[in-house]
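Peer 1: Chains as they are written, first to last, in the working numbering: chain P, 1 to 492; chain U, 1 to 358. Here a beta-carbon is modelled for each residue, glycine too, at the ideal position from N, C-alpha and C. Everything numeric in this text was worked out from a predicted model, so none of it was measured.
(1) What three-state label does DSSP hand residue 61/U in the structure shown?
(2) Look up residue 99/P in the DSSP assignment and give the residues it is bridged to.
(3) Counting only Cβ pairs nearer than 9 Å, list the residues of chain U close to residue 144/P.
(4) In or out: residue 288/P buried (at least 16 other Cβ within 10 Å) or exposed?
(5) Measuring only from the beta carbon, is residue 409/P closer than 7 Å to any heavy atom that is part of the ligand COA?
(6) Roughly how many angstroms separate the alpha carbons of residue 240/U and residue 173/U, rounded to a whole number?
(7) Have a look at residue 135/P and residue 154/P and give me their C-alpha separation to the nearest angstrom.
(8) Assuming residue 432/P and residue 114/P form a contact by the criterion Cβ under 8 Å, report the distance between their Cβ atoms to the nearest whole angstrom.
(9) Among 129/P, 378/P and 189/P, which one has its Cα closest to the Cα of residue 96/P?
(10) With DSSP collapsed to three states, give me the class of residue 247/U.
(11) Since residue 12/U is in the beta strand (DSSP E), which residue starts that stretch and which ends it?
(12) Residues in the same chain with beta-carbon distance under 7 Å from residue 253/P, minus the five sequence neighbours each way, listed in chain order, please.
(13) Do residue 198/U and residue 247/U come within 8 Å of each other at the CB atom, strictly closer than that value?
(14) Just to confirm the assignment: which complete alpha helix (DSSP H) runs, minimum length 4, are found wholly within the segment 255-327 of chain P?
(15) Reducing DSSP to helix, strand and coil, say where residue 12/P ends up.
(16) Please classify residue 302/P as buried or exposed, where buried requires at least 16 other C-beta atoms within 10 Å of its C-beta.
(17) Whole angstroms are fine: how far does the CA of residue 67/P sit from the CA of residue 174/P?
(18) What are the boundary residues of the alpha helix (DSSP H) that residue 123/P is part of?
(19) Output the residue ranges of the beta strand (DSSP E) runs that lie fully inside the segment 154-212 of chain P and measure 3 residues or longer, sorted by chain position.
(20) Under 8 Å between beta-carbons, which chain U residues line up against residue 35/P? List them in chain order, please.
(21) What three-state label does DSSP hand residue 76/P in the structure shown?
(22) Hey, residue 264/U and residue 301/U: beta-carbon distance below 8 Å or not?
(23) What residues of chain P sit near residue 387/U, judged by a beta carbon separation below 7 Å?
(24) Residue 239/P to residue 303/U, Cα distance in whole Å?
(25) If I measure Cβ to Cβ from residue 185/U and keep anything under 8 Å in the same chain, skipping five residues before and after, which residues do I get?
(26) Could you tell me which residues DSSP pairs with residue 143/P in its beta bridges?
(27) Do the CB positions of residue 210/P and residue 315/P come within less than 8 Å of each other?
(28) Below 8 Å on the Cβ atoms is my contact criterion, and I expect residue 171/U with residue 132/U to pass it. Report the Cβ-Cβ distance as a whole number of Å.
(29) What three-state label does DSSP hand residue 146/U in the structure shown?
(30) Measuring straight from C-alpha to C-alpha, what distance separates residue 513/P and residue 296/P?
(31) Give the range of the alpha helix (DSSP H) segment to which residue 222/P is assigned.
(32) Could you check where the beta strand (DSSP E) with residue 218/P kicks off and where it finishes?
(33) Going straight from the alpha carbon of residue 1/P to that of residue 382/P, what length do you get?
(34) Going along the chain, which unbroken runs of the alpha helix (DSSP H) with 4 or more residues stay wholly within the segment 200-261 of chain U?
(35) According to DSSP, is residue 105/P helix, strand or coil?
(36) Would you say residue 166/U faces chain P, with C-beta separation under 8 Å as the test?
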């Protein structure tokens with residue numbers, strides 16, 4: 001047996017810390033270089049999309065017969081206070097052919113009665129084929145006022161189960177999953193349908209989610225886009241811009257996105273039915289669906305794309321307290337781990353093309369493991385400082401350079417927004433965006449790393465809970481809702 | 001190189017990039033505001049100049065020429081196109097075209113039809129749509145065949161001024177390969193030129209060797225135009241071997257209140273493809289073919305939900321006889337048929353109208 005004296009052990013320990021730190025640094029250099037690569041891919045995509053978004057006569061196209069008919073599936077749980085207004089905003093979208101299938105997921109409050117009273121619903125027989133098994137349906141209702149509306153009342157089974165019930169009853173070949181508390185811009189459907197108009201074979205389309213906190217909202221429409229002054233929602237504005245404008249757009253040229261937000265994603269119904277619909281029991285059912293969809297397309301050699309289009313916008317409320325943010329981020333990451341783990345056989349299989357060779361490994365190493373590596377970096381950094389293995393000024397310098405790089409990527413995301421869509425017209429909002437780019441790496445990022453780390457522990461314990469999320473409400477009222485599905489903000 | 005030097009270089013690069021990007025963003029904001037202001041100025045000046053010309057205070061169009069020669073924004077031609085569409089009556093468009101052709105600025109813009117940049121070619125196409133003459137047919141042909149969809153769409157508008165058969169034939173032959181948006185917009189123009197388009201279209205529909213993916217697009221154009229001359233070749237295609245062609249035929253037939261249509265639709269209601277049967281039921285409802293009520297009632301037993309749904313809606317469109325058939329269907333032993341009849345019977349007149357339109 002080889003024995004070490006204390007000095008040798010300390011030397012080995014110091015070297016160990018330094019090497020691990022170097023490893024962490026290399027990990028982030030590689031990861032951030034990949035983000036830079038994604039950014040380069042984003043630029044031509046955004047340029048094309050922005051020119052089409054500005055040049056297109058969306059109003060004219062929205063009433064065109066050429067657009068594919070779409071069924072909006074809206075799962076609702078305990079939405080009594082806002083459901084009538086939300087539904088009105090969906091029913092008045094500018095689009096030629098669409099229907100709204102609202103699924104009341106056994107809400108114990110008066111959601112259903114409010115709908116019956118407001119929309120003059122009458123019960124109809126279940127004249128719909130059941131392609132995906134769901135919890136028992138109590139009744140189907142149609143409205144005497146709006147022929148576009150179908151309401152399904154079913155026993156509580158969760159969001160995925162409600163979406164499946166809606167897909168069963170949908171009449172049209174494309175289904176748009178949308179949260180009841182999401183605000184869709186009137187022309188968003190027409191913008192979302194652009195890939196179809198360009199003649200592409202499309203399996204699913206993702207749109208942009210933006211932060212609605214602090215925006216001026218009237219009758220379910222965002223009239224004036226603002227950036228929240230508060231730290232948590234403000235940082236999330238930048239985070240969402242980064243996640244949607246270059247995180248996802250860049251993937252259009254790299255084999256498609258793995259994440260299409262459950263709060264605003266369009267899917268070809270035929271393919272969704274072929275893969276058995278949403279999987280109940282998965283806390284991020286949207287990501288799981290997209291991964292299964294990719295697998296299905298590759299396994300059946302179907303040449304259909306899953307693009308992300310940046311200009312159709314839906315607005316959602318983000319957490320304003322750390323407790324709610326923790327619940328949300330922990331759940332998102334737990335869902336990511338569960339999905340990647342259950343589809344691990346896709347990893348590096350040439351059969352799955354760029355999806356298996358690039359996207360999947362990236363999400364595993366770059367997204368799933370990033371909080372672990374980052375946490376190791378922080379812990380070893382602190383340890384190294386404590387025992388003097390790391391030079392203090394150098395450590396601070398290194399931290400600032402690393403944070404500066406993240407800041408730079410966020411700034412680029414803001415630049416992409418400014419140079420393309422420029423939703424935030426006021427100089428004060430522009431100033432706030434820059435401010436949150438500056439402060440986001442200090443505090444907000446570390447909190448989210450900690451929340452995401454907790455997901456590993458909970459996943460190992462086999463937890464499947466969603467937790468109750470308390471939202472402020474667009475009108476300022478506090479109300480509990482089921483958490484919206486994963487708007488997985490890929491933190492960079 | 002030491003770690004410290006490396007970090008220093010990285011931090012300097014980051015700092016420069018941050019300052020650079022922020023400066024670009026601020027400059028862009030200022031520039032965008034200026035561009036918006038200039039665009040509004042151009043729009044106002046163009047509209048004012050056009051008004052002066054229209055009311056006869058500037059018969060030579062001096063103000064318009066000066067405005068276009070000193071235009072500030074890249075979108076001036078588009079603004080001109082909008083202003084003409086909004087303010088100038090059709091009777092005065094030719095006179096205006098003469099005026100536009102006299103300006104040196106206009107020849108400068110039309111020369112851009114060969115530009116490398118698509119937005120310049122787009123400007124040329126837009127301007128030509130206001131002032132083209134038969135002499136420009138070659139340039140228009142080139143723009144119609146452009147690689148950029150925006151240019152193609154704008155160029156087709158030139159055909160309204162130069163409705164040459166060869167250009168229309170080019171558009172028709174290229175139409176099946178176009179993205180849907182381009183197809184819809186070009187189809188609208190062809191609709192406006194229906195007298196010239198119709199013979200060319202009928203000739204194509206009669207071609208025995210025409211590919212199926214071309215035929216369905218041409219049938220869609222014929223459906224938009226709705227001229228009775230196109231009906232015989234369309235009806236002749238209702239037994240075509242390709243289901244997409246039969247679907248297109250079925251959709252088109254519902255716009256024709258002509259003899260032979262009801263019979264063809266009744267045949268199509270027995271088609272092997274459910275999409276054709278669904279569209280046939282829709283067509284029979286739209287044309288209110290009451291003689292088809294028994295067949296539509298039978299279609300309520302169809303295996304496919306869509307066909308049952310369309311048959312139910314068609315019956316609901318046929319006033320009392322159809323409604324009576326629906327009431328009778330509610331008592332049918334076939335659960336699917338009776339449930340569909342119950343659901344359709346509950347819909348209001350407004351809902352029936354809305355559902356049959358989509």
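Peer 2: This is what the structure gives:
(1) Three-state DSSP puts residue 61/U in coil, outside helix and strand.
(2) 71/P
(3) Within 9 Å Cβ-Cβ: 346, 347, 348, 350 and 351.
(4) buried
(5) In the structure on display, the ligand COA does not appear, and there are no ligands present to speak of.
(6) In a straight line, the C-alpha of residue 240/U is about 20 Å away from that of residue 173/U.
(7) Separation of residue 135/P and residue 154/P (C-alpha to C-alpha, rounded to the nearest whole angstrom) is 7 Å.
(8) Actually they are not in contact, since the Cβ atoms of residue 432/P and residue 114/P sit about 37 Å apart, beyond 8 Å.
(9) 189/P
(10) helix
(11) In this chain, residue 12/U is not harboured by any beta strand (DSSP E); it is covered by the alpha helix (DSSP H) spanning 3-55.
(12) 41 and 45
(13) The Cβ atoms of residue 247/U and residue 198/U do not sit closer than 8 Å to each other.
(14) 269-274 and 285-299
(15) The answer is helix: DSSP assigns residue 12/P an H, G or I state.
(16) With fewer than 16 other Cβ atoms inside 10 Å of its own Cβ, residue 302/P counts as exposed.
(17) 11 Å
(18) No alpha helix (DSSP H) contains residue 123/P, which is instead part of the beta strand (DSSP E) from 121-124.
(19) 174-178 and 204-211
(20) What residue 35/P touches in chain U: nothing, since even the nearest Cβ is about 14 Å away.
(21) strand
(22) no
(23) What the structure shows of chain U is the stretch from 1 to 358, and residue 387/U is not part of that stretch, so it cannot be assessed.
(24) 50 Å
(25) 153 and 156
(26) 121/P
(27) yes
(28) No, residue 171/U and residue 132/U are not in contact; Cβ-Cβ is about 15 Å, not under 8 Å.
(29) coil
(30) Here chain P has residues from 1 to 492 only, and residue 513/P is not among them.
(31) For residue 222/P, no alpha helix (DSSP H) run applies; the uninterrupted beta strand (DSSP E) run containing it begins and ends at 221-224, by DSSP.
(32) Under the DSSP assignment, residue 218/P falls in the beta strand (DSSP E) whose first and last residues are 216-218.
(33) Because residue 1/P carries a pLDDT of 48, less than 50, the predicted location of this residue cannot be relied on, and the following value inherits that uncertainty. Their Cα atoms are separated by approximately 32 Å.
(34) Positions of the alpha helix (DSSP H) runs, each at least 4 residues long and wholly inside the segment 200-261 of chain U, are given as 212-225, 231-236 and 243-253 in order along the chain.
(35) DSSP places residue 105/P in strand when its eight states are reduced to three.
(36) no
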